[in-house]
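Mapping of the sequence shown onto this note's numbering: residues 2 to 303, in sequence order. All C-beta atoms, glycine included, are put in the ideal place defined by N, C-alpha and C. These figures come from a predicted structure and were not determined experimentally.
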Amino acid sequence: MVAEAASGMFDALDRMVLEIQAMDAICNAEAEESDGEKGFVVVAQKALEQAQRCLDQADASNAPSQIDIEAFVSAEAYCEEISNDGVRLRISLPIGYPTFYSASVTVLHTPKFVTRSNHDELSSKLQATATELKGSEAMMSIITECRNVVSDWECNSSDIDATPLETKDNDTASSPIHPANVSRRWIWVHHITNNDRRKQIVIEAQDRNLGGFLKAGYPGVVCVEGDSDACDDFVVWIKGNKSRPGGFGRNWGHHVRGEATAEQRQLPEAFEELEDDMGILGTLCRESNVEDEFREFILQQK
């Protein structure tokens, strides 16, 4: 029993460190290019280094009791009148997260127009999300929920004349100069690690003559490109329609983040699985001239 418990704590530590590394790559990609403020920071870097040493030594007994993360969600993306302000979060990851314990979330700062009741409501929502996701990597979901709440604040705020993000997306998606023949669907998934699921995603896309890619791991990213009806059919399948065998069901954490149209294909015509590396994915998107879509729909950076 002791050995089993130790193994469980080691696996949890491994998952925690991998998630931190993935979130750092996702949230800070744009900041590194523009020398802007990082959106994801490990408060005590020595604690993360200590955790990595424990993994290297295959012994979690000396792991830090907790690793604290600070995440910044800008409000500027939702309202141009807000500059360099947003929500700052403290996400505390105790030893044993995510397998045995949930994250703890504290809202450190909100923009000056935010009321105390909205501040408290945000804290409650984010902690509820963290608690609900006990057993799963939760940081991306916490930050996404925060972005959703911030967007609602901007849409409903009487103090600021903000243009809702949803309206901007719709305007962009509905104004191609010429009728488009090719569609893309961008899907963000909390994680894709099951080998059977990964294989089935590739098969389903190829069967529909769709191009694009799958990046498995944390998070999972799927982008399909091709005939619009075929893209819609793939989305119906991956959502888990009960009438379609092989779908992943409502409990599978997928989110169709966005869609785009074009007059010709930009992505590889043969759908393929990429390495679990956001850097490789970013390079592919840049070389395929879809980097703006990748940043908007997957990284949610404007």
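As a beta-bridge residue in DSSP terms, glutamine 67 pairs with Pro95. Valine 225 and glycine 213 do touch by the CB rule: their CB atoms are close to 4 Å apart, below 8 Å. According to DSSP, alanine 231 shares a beta bridge with no other residue. About 4 Å separates the CB atoms of aspartate 69 and valine 44; that is less than 8 Å, so the two are in contact. Annotated three-state conformation of alanine 263 is strand, per DSSP. Just measuring C-alpha positions, the residue of Lys216, Tyr98 and Asn290 sitting nearest phenylalanine 272 is Lys216. Here DSSP, grouped into helix, strand and coil, assigns valine 42 to strand.
Apart from sequence neighbours up to five positions away, the residues of its chain that approach tyrosine 219 with a beta-carbon distance below 7 Å are Leu19, Glu20, Ala23, Glu138 and His192, ordered along the chain. Buried is the label assigned to glutamate 146, since at least 16 other Cβ atoms lie within 10 Å of its Cβ.
In this structure, the alpha-carbon of arginine 89 lies about 10 Å from that of isoleucine 144. Excluding its 5 nearest sequence neighbours in each direction, arginine 148 has C-beta neighbours in its own chain below 7 Å: Val74 and Gln301, listed in chain order. According to DSSP, residue pairing for valine 222 in a beta bridge involves Trp189 and Lys216. Taking glycine 40 as reference, the option from Thr132, Gln128 and Asn29 with the minimal CA-CA separation is Asn29. Closest in C-alpha terms to glutamate 133, from the list Arg117, Phe101 and Val151, comes Phe101. DSSP lists Ala72 and Val108 as the beta-bridge partner residues of leucine 90. Serine 62 sits in coil when the DSSP states are folded into three classes, being neither helix nor strand.
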